[in-house]
Amino acid sequence: MVADSELAVNIEDLGFHYPDNGGAIFSGLNLKIKKGERFGLFGPNGAGKTTLLSLMTGLLSADSGTITLLGNDVRKKNKDVNKLIGFVPQDFSYYQELSPVENLEFFGAWSGLNKQQIKTRTDELLHILGLENVRNKQVDKFSGGMKRRVNLAIGVIHNPAILILDEPTVGVDVQTRHAIINYLMELNKKGTTLIYTSHQLSEAEGLCEEVALIDVGKIITQDSLTNLLKEHQQDSLEDLFLNLTGKEYRNDL
Amino acid sequence: MIFKLWATIKKDCRVLIRDGIGLSLMFIMPIVLVVVVTDIQNGTFQLINKNKMAVLVCNRDTGESGKQLIAAINKIGLFKVYDLPKNQDAKTIVDSMKDKEALLSVTIPEDFTRKVKAKAKSVSNKAMVSFGLQADSVQKYVGDVSPLTLYYNPVIQEQLRFSVKGGLQSALQIVESRETLRTLYFAINEKPLPEKLEREMLSNKAAINEIPVSKNGSLRAPNAAQHNVPAWTIFAMFFVIMSLGGSVVREKVSGSFVRLKTLPTNFAVGLLSKQITYVTVTVIQAVVIFALGIWGFPLMGLPGLNIPLDVFGLLIVTIICGWCAVSYAICVGVFAESHQQSNGFGAISIVILAAIGGLMVPSFAMDTSLKAVANLSPMHWCLQAYYGLFLEGGKLTDVMQYLIPLVLITLVLQLITFLGLKRKNLI
Chain A
23 MVADSELAVN IEDLGFHYPD NGGAIFSGLN LKIKKGERFG LFGPNGAGKT TLLSLMTGLL
83 SADSGTITLL GNDVRKKNKD VNKLIGFVPQ DFSYYQELSP VENLEFFGAW SGLNKQQIKT
143 RTDELLHILG LENVRNKQVD KFSGGMKRRV NLAIGVIHNP AILILDEPTV GVDVQTRHAI
203 INYLMELNKK GTTLIYTSHQ LSEAEGLCEE VALIDVGKII TQDSLTNLLK EHQQDSLEDL
263 FLNLTGKEYR NDL
Chain B
103 MIFKLWATIK KDCRVLIRDG IGLSLMFIMP IVLVVVVTDI QNGTFQLINK NKMAVLVCNR
163 DTGESGKQLI AAINKIGLFK VYDLPKNQDA KTIVDSMKDK EALLSVTIPE DFTRKVKAKA
223 KSVSNKAMVS FGLQADSVQK YVGDVSPLTL YYNPVIQEQL RFSVKGGLQS ALQIVESRET
283 LRTLYFAINE KPLPEKLERE MLSNKAAINE IPVSKNGSLR APNAAQHNVP AWTIFAMFFV
343 IMSLGGSVVR EKVSGSFVRL KTLPTNFAVG LLSKQITYVT VTVIQAVVIF ALGIWGFPLM
403 GLPGLNIPLD VFGLLIVTII CGWCAVSYAI CVGVFAESHQ QSNGFGAISI VILAAIGGLM
463 VPSFAMDTSL KAVANLSPMH WCLQAYYGLF LEGGKLTDVM QYLIPLVLIT LVLQLITFLG
523 LKRKNLI
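Chains as they are written, first to last, in the working numbering: chain A, 23 to 275; chain B, 103 to 529.
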């Protein structure tokens, strides 16, 4: 049993349905993620991963139950809760017409940083993510890998305590993937809780220490990766995934 | 809060400056439009008042009335008359119109003088009986004067055709009246009507003084620039939809809106920034187009624009018109699912709003039901407010009656935008 003060995320008895899509997506869902953990949430298409992440970030509002981030209730629509989280969506959710510096300046301001903090963090992040020499170039000219790094930089500019990553390395080359994963490990060492979702399970094996599998709106298992593989007598996360969620096609409408 | 707003305005300005197509649609296209439309309207004015319209006249009549009619047509001042041989048939007349690039042709029938004289005799007899100077007798019905035939090129607009027809009827009236006067005078006095008296009786019409009714007492007659520049400035302002609507859609589709929602800043900052940035753009559009009207038009041989005396009022009207245009663009952007939808719906809806708002056809010329519909177009209220300042010489207080509905429409658009953002879970 983990004390509430040690939890980064605590979801209890969560209920949710989309207004224009009758049936419940979640009903009585519970999930606990410890502070400083590298947590992986995996499931087939349509399992409810993105919806769950949207509820955690306050993009969607739950019908029932509670979601707390470091003890703060997400449902109270307190904008201060948003300072605790960084969100790196799967899409390039920023302004392609702007340069990395201009994007970071804007998103830094919206994240609550002042001018000096933005400048310091911008220089730091562009150096770490290898974007210094293109800092003033328009992002729409960038390769997919460079765009991914800009996407990540925006998500972490305010040093969030919890970083939520939705497929942060999709479509990038090996070098970029390696750099991103290394950077995420660095962040985690400094205390950032990582909540990660991806379909690239071999990559996830190297990153995540705690894993939850979700299917049709239910957490079907959650434990450390080592324990899960041992318990289900599987060699890899991918085998475990197929074993627990089946091999049939999932059509996510 | 101020820092966040400033950062957002900077972002919006940068996005706008890098949208070359949007910028050209907002500035170059309306400028071209205002120059072309003013030039066309001014050209129509010149055609009627200065250059005169070419008209071919085929006079099949051999009598005096046909010649008098041609002289009367010449005297109207609208037409430059070219004579055609009297034996030409309809096809030859039409061909001659093409050759001489005349848009009009009039054929005077061969019995014109005879019929005019017969009618004058008939009217004169009736008058004599009425005066008691002649015994009543059964009058032989003489029939109407044979009609003139007016050939016209279909490119002539109905309005202009009615003016031409009015001019011809006025000329006919002079010819018929002259003949009646002469006949009647002869019947009474048994001598011809003296030429001087005839001229006085037919020509001494009361003059018409034209006075433009203005609130500031100015007697300056409005020109084509005064009508067109405000109208097409409004059109240009609403064209911000091509850049702003698309920008809102891009932010939605890229997921930027979603990301902003996860950040500790109220989304109202984003909406406020867009409004400040793009209202400024609409004010710049107005300044550029007005400057073109004042200094550029005279260089192009067009009448110059006269700026209203209440410049502060003009600024306030421009800001409110711009705010309405920006609110409309954001509203369309929020509901459109794609850039194509935003641009397509935006462009077509603006043309429709301009048409029903009186930018293309004056709203006073619309029928009652369409006038009621015009009230729903924000462009109608923008135009009324601008006309109040530009044409009627009014002040801000004089155009408040138009600004209040405009502000109400703007607030409704803002409310719809808010509900749309809520419904789409973007705020």
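All C-beta atoms in this analysis are idealised placements derived from N, C-alpha and C, irrespective of residue type, glycine included.
Predicted, not measured: the structure shown is a model, and the values here were computed from it.
Leu472/B beta carbon less than 8 angstroms from that of Ile452/B: Position 350 of the second sequence, counting from 1, holds the residue named residue 452/B. Position 370 of the second sequence, counting from 1, holds the residue named residue 472/B. No, these two residues do not count as a Cβ contact at 8 angstroms.
Inter-residue CB distance, Val360/A and Lys169/A (contact presumed, cutoff 8 angstroms): A query on residue 360/A cannot be resolved here, the shown segment of chain A reaching from 23 to 275 and no further.
Closest Cα partner of Glu154/A within the set Val123/A, Asp237/A, Asn173/A, His221/A: Mapped onto the first sequence, residue 154/A falls at position 132. Taking each of Val123/A, Asp237/A, Asn173/A, His221/A in turn and checking the Cα distance to Glu154/A, the smallest one comes out for Val123/A.
Ranges of the alpha helix (DSSP H) found wholly within the segment 178–240 of chain B, counting only runs of at least 4: Here the runs fully enclosed are 192–201, 214–233.
Extent of the continuous alpha helix (DSSP H) to which Thr251/B belongs: Numbered from 1 along the second sequence, position 149 holds the residue referred to as residue 251/B. Going by DSSP, Thr251/B is part of no alpha helix (DSSP H) but of the beta strand (DSSP E) stretching over 251–254.
For Glu260/B, three-class secondary structure by DSSP: Residue numbering aside, residue 260/B sits at position 158 when the second sequence is read from its first letter. In this structure, Glu260/B counts as helix in the three-state DSSP scheme.
Sufficient close CB pairs (3 or more, under 8 angstroms) joining the segment 355–362 of chain B to the segment 109–117 of chain A: yes
Exposure label - Thr215/A; buried when at least 16 CB within 10 Å: Taking the first sequence and counting its residues from 1, one reaches residue 215/A at position 193. Buried.
Beta-carbon proximity check, Asp237/A vs Gly65/A, cutoff 8 angstroms: By 1-based counting over the first sequence, the position of residue 237/A is 215. By 1-based counting over the first sequence, the position of residue 65/A is 43. Yes, Cβ-Cβ distance for Asp237/A and Gly65/A is below 8 angstroms.
With 16 other Cβ atoms within 10 Å as the buried cut-off, status of Ile142/B: Against the second sequence, residue 142/B aligns to sequence position 40. That one is exposed.
Gly130/A: first and last residue of the uninterrupted alpha helix (DSSP H) it sits in: Counting from 1 along the first sequence, the entry for residue 130/A is found at position 108. Unbroken alpha helix (DSSP H) run through Gly130/A: 122–132.
Within 8 angstroms of chain B by C-beta, residues of the segment 74–85 of chain A in sequence order: Thr79, Gly80, Leu81, Leu82
Helix, strand or coil at Phe520/B according to DSSP, with G and I counted as helix: The count along the second sequence starts at 1 and reaches residue 520/B at position 418. Helix.
Cβ-based burial, Asn249/A [other Cβ within 10 Å; buried from 16]: As a first step, residue 249/A is located in the first sequence; it is residue number 227 there, counting from the start. Looking at its Cβ environment, which holds fewer than 16 other Cβ atoms inside 10 Å, Asn249/A is exposed.
Member of Trp425/B, Leu250/B, Pro410/B whose CA lies at the smallest distance from the CA of Leu505/B: Position 403 of the second sequence, counted from the start, is the residue given in the question as residue 505/B. Ranking the options by Cα distance to Leu505/B, first place goes to Trp425/B.
Proximal residues to Val381/B (C-beta, below 8 angstroms), its chain only, five neighbours per side dropped: Counted from its first residue, the second sequence places residue 381/B at position 279. Correct list, in chain order: Ile421, Gly424, Trp425, Val428.
Burial state of Pro132/B, where buried means 16 or more other Cβ atoms lie within 10 Å: Start at 1 with the first residue of the second sequence, and residue 132/B comes out as number 30. Pro132/B should be labelled buried.
Arg352/B versus Gly37/A - alpha carbon distance: Counting from 1 along the second sequence, the entry for residue 352/B is found at position 250. Counting from 1 along the first sequence, the entry for residue 37/A is found at position 15. If I take the Cα positions, the gap works out to 32 angstroms.
is_contact[Ser246/A, chain B] using C-beta, thresh 8 angstroms: By one-based count along the first sequence, residue 246/A stands at place 224. No, its Cβ sits nowhere closer than 8 angstroms to a Cβ of chain B.
Cβ neighbours of Thr379/B in the same chain (closer than 7 angstroms, five flanking residues each side left out): Taking the second sequence and counting its residues from 1, the one referred to as residue 379/B is at position 277. Within the same chain, Thr379/B has close Cβ partners Ile111, Asp114, Cys115, Leu118.
N-terminal and C-terminal residue of the alpha helix (DSSP H) that Arg143/A is part of: For the purposes of this step, residue 143/A is taken as residue 121 along the first sequence, with counting starting at 1. Segment 137–150, the alpha helix (DSSP H) holding Arg143/A.
Selection from Gly87/A, His39/A, Asn158/A, Ala183/A that minimises the alpha carbon distance to Ser133/A: As a position in the first sequence, residue 133/A is number 111, starting the count at 1. Considering only alpha carbons, the answer is Ala183/A.
Nearest neighbour of Lys177/B, chosen from Val475/B, Val277/B, Leu523/B [CA to CA]: Residue 177/B sits at position 75 when you count from the first residue of the second sequence. The candidate whose alpha carbon is nearest that of Lys177/B is Val277/B.
Inter-residue Cα distance where the pair is Val218/B and Ala326/B: Residue numbering aside, residue 218/B sits at position 116 when the second sequence is read from its first letter. Residue numbering aside, residue 326/B sits at position 224 when the second sequence is read from its first letter. Spanning the two alpha carbons is a distance of roughly 42 angstroms.
Where Met303/B falls, given that 16 or more other Cβ within 10 Å makes a residue buried: Along the second sequence, read from residue 1 onward, the residue named residue 303/B stands at position 201. Counting C-beta atoms within 10 angstroms of its own C-beta, Met303/B has fewer than 16 neighbours from the protein chains shown and is therefore classed as exposed.
Exposed unless 16 or more other CB atoms sit within 10 angstroms - verdict on Met339/B: Taking the second sequence and counting its residues from 1, one reaches residue 339/B at position 237. Counting C-beta atoms within 10 angstroms of its own C-beta, Met339/B has 16 or more neighbours from the protein chains shown and is therefore classed as buried.
Asn276/A: first and last residue of the uninterrupted alpha helix (DSSP H) it sits in: Here chain A comprises residues numbered 23 to 275, so residue 276/A is not present and cannot be evaluated.
For Gly165/B and Lys182/B, the rounded distance between their alpha carbons: Against the second sequence, residue 182/B aligns to sequence position 80. Against the second sequence, residue 165/B aligns to sequence position 63. Straight-line Cα distance between these residues: approximately 22 angstroms.
Endpoints, alpha helix (DSSP H) assigned at Gln486/B: Here residue 486/B is taken as the residue at index 384 of the second sequence, counted from 1. Its alpha helix (DSSP H) spans residues 480–492.
Val134/B to Phe447/B span [Cα, whole Å]: Within the second sequence, the letter at position 32 stands for residue 134/B. Within the second sequence, the letter at position 345 stands for residue 447/B. Computed Cα separation, rounded: 22 angstroms.
Residue environment, Phe288/B, which counts as buried when at least 16 other CB atoms sit within 10 Å: Numbered from 1 along the second sequence, position 186 holds the residue referred to as residue 288/B. The residue in question, Phe288/B, is exposed, as its Cβ has fewer than 16 Cβ neighbours within 10 Å.
Within 8 angstroms, strictly: CB atoms of Ala229/B and Leu274/B: To locate residue 229/B, count along the second sequence from 1; it is residue 127. To locate residue 274/B, count along the second sequence from 1; it is residue 172. No, the Cβ-Cβ distance between Ala229/B and Leu274/B is not below 8 angstroms.
Proximity of Leu82/A and Asn368/B at Cβ, strictly below 8 angstroms: Working through the first sequence from its first residue, we reach residue 82/A at position 60. Working through the second sequence from its first residue, we reach residue 368/B at position 266. Taking 8 angstroms as the Cβ cut-off, Leu82/A and Asn368/B do not qualify as a contacting pair.
C-alpha gap between Leu365/B and Ser86/A, whole angstroms: For the purposes of this step, residue 365/B is taken as the residue at position 263 of the second sequence. For the purposes of this step, residue 86/A is taken as the residue at position 64 of the first sequence. Their backbone Cα atoms lie some 23 angstroms apart in a straight line.
Glu34/A, enclosing alpha helix (DSSP H) - first and last residue: As a position in the first sequence, residue 34/A is number 12, starting the count at 1. Glu34/A -> not in any alpha helix (DSSP H); beta strand (DSSP E) instead, spanning 29–39.
Of the residues Ile396/B, Gln190/B, Tyr489/B, the one placed nearest Arg162/B, counting alpha carbons only: Translated into positions along the second sequence, residue 162/B becomes position 60. Ranking Ile396/B, Gln190/B, Tyr489/B by Cα distance to Arg162/B puts Gln190/B first.
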